[in-house]
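Note that our numbering has the sequence shown beginning at 692, numbered continuously upward.
Below you'll find the structure, written out as structure tokens, and then a few comments.
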Amino acid sequence: AYTDPDEAIDFFSRTGVDIFAVAIGTAHGFYKGEPKLNFELLEKLAAAIEAPLVLHGGSGIPDEMIRRTIELGINKVNFATELRAAMTVAVREALKDEAIIDPKKFMGKGREAVIDLCCHKIKLCGSDGKA
Numbered sequence: 692a693y694t695d696p697d698e699a700i701d702f703f704s705r706t707g708v709d710i711f712a713v714a715i716g717t718a719h720g721f722y723k724g725e726p727k728l729n730f731e732l733l734e735k736l737a738a739a740i741e742a743p744l745v746l747h748g749g750s751g752i753p754d755e756m757i758r759r760t761i762e763l764g765i766n767k768v769n770f771a772t773e774l775r776a777a778m779t780v781a782v783r784e785a786l787k788d789e790a791i792i793d794p795k796k797f798m799g800k801g802r803e804a805v806i807d808l809c810c811h812k813i814k815l816c817g818s819d820g821k822a
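As structure tokens, then:
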């Protein structure tokens with residue numbers, strides 16, 4: 692389902708929400724194939740809603756598409772599935788070494804993977820150097 696611009700305007704005017712999540716073709720979890728984002732709809736919503744816009748389901752969306760959503764008005768992107776996967780993959784890899792029994796060692800590898808991914812996503816979204 693996609694956000695209906697008229698319903699969004701009505702909802703925003705009645706509630707005055709601080710931040711507004713839009714549905715433009717994203718979904719939670721990883722995608723089977725490349726997602727089909729409706730950039731035209733995003734442009735309409737960004738012009739009509741006077742609040743920061745959020746994109747749920749950012750995990751697995753190609754970087755160039757994320758950049759485009761930000762150019763068109765998205766202020767916050769959620770990447771939870773991708774972050775969870777980075778942590779899990781790194782911990783699983785570390786646990787292949789049977790000598791590692793200290794959780795700080797294998798969890799540290801997961802933390803490093805999450806930090807690396809966060810740094811990439813922060814730069815991708817143009818948020819580096821901002822408080």
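For each residue, glycine too, the CB sits at the ideal point set by N, CA and C.
Residue i - DSSP class collapsed to helix/strand/coil
{"i": "K795", "result": "helix"}
{"i": "K723", "result": "coil"}
{"i": "L733", "result": "helix"}
{"i": "D819", "result": "coil"}
{"i": "I740", "result": "coil"}
{"i": "G801", "result": "helix"}
{"i": "A718", "result": "coil"}
{"i": "I806", "result": "helix"}
Local Cβ density within 10 Å of residue i, reported as buried at 16 or more and exposed below that
{"i": "F797", "result": "buried"}
{"i": "S704", "result": "exposed"}
{"i": "C816", "result": "buried"}
{"i": "F721", "result": "exposed"}
{"i": "A742", "result": "exposed"}
{"i": "G707", "result": "exposed"}
{"i": "A790", "result": "exposed"}
For residue i, the residue or residues it bridges with in DSSP
{"i": "V634", "result": "A query on residue 634 cannot be resolved here, the shown segment of the chain reaching from 692 to 822 and no further."}
Nearest residue (CA-CA) to residue i, options the options
{"i": "L774", "options": "K767, K812 and P696", "result": "K812"}
{"i": "R802", "options": "I752, A776 and K767", "result": "A776"}
{"i": "I710", "options": "K723, A737 and E725", "result": "A737"}
{"i": "H747", "options": "G707, E741, P696 and V713", "result": "V713"}
{"i": "I806", "options": "A742, F770 and I791", "result": "F770"}
{"i": "T779", "options": "T760, G799, P753 and D793", "result": "G799"}
{"i": "K727", "options": "M756, T694, E762 and I792", "result": "M756"}
{"i": "S818", "options": "E741, P696, R758 and H719", "result": "R758"}
{"i": "V768", "options": "H719, A739 and Y693", "result": "H719"}
{"i": "T760", "options": "L732, R783 and E784", "result": "L732"}
For residue i, the first and last residue of its enclosing alpha helix (DSSP H)
{"i": "I700", "result": "P696 to T706"}
{"i": "E789", "result": "It is not in any alpha helix (DSSP H) - E789 carries neither H nor E in the DSSP assignment."}
{"i": "L728", "result": "First-last for L728: undefined, no H or E at that position."}
{"i": "A777", "result": "A771 to A785"}
{"i": "I761", "result": "D754 to E762"}
Extent of the continuous beta strand (DSSP E) run through residue i
{"i": "I765", "result": "I765 to V768"}
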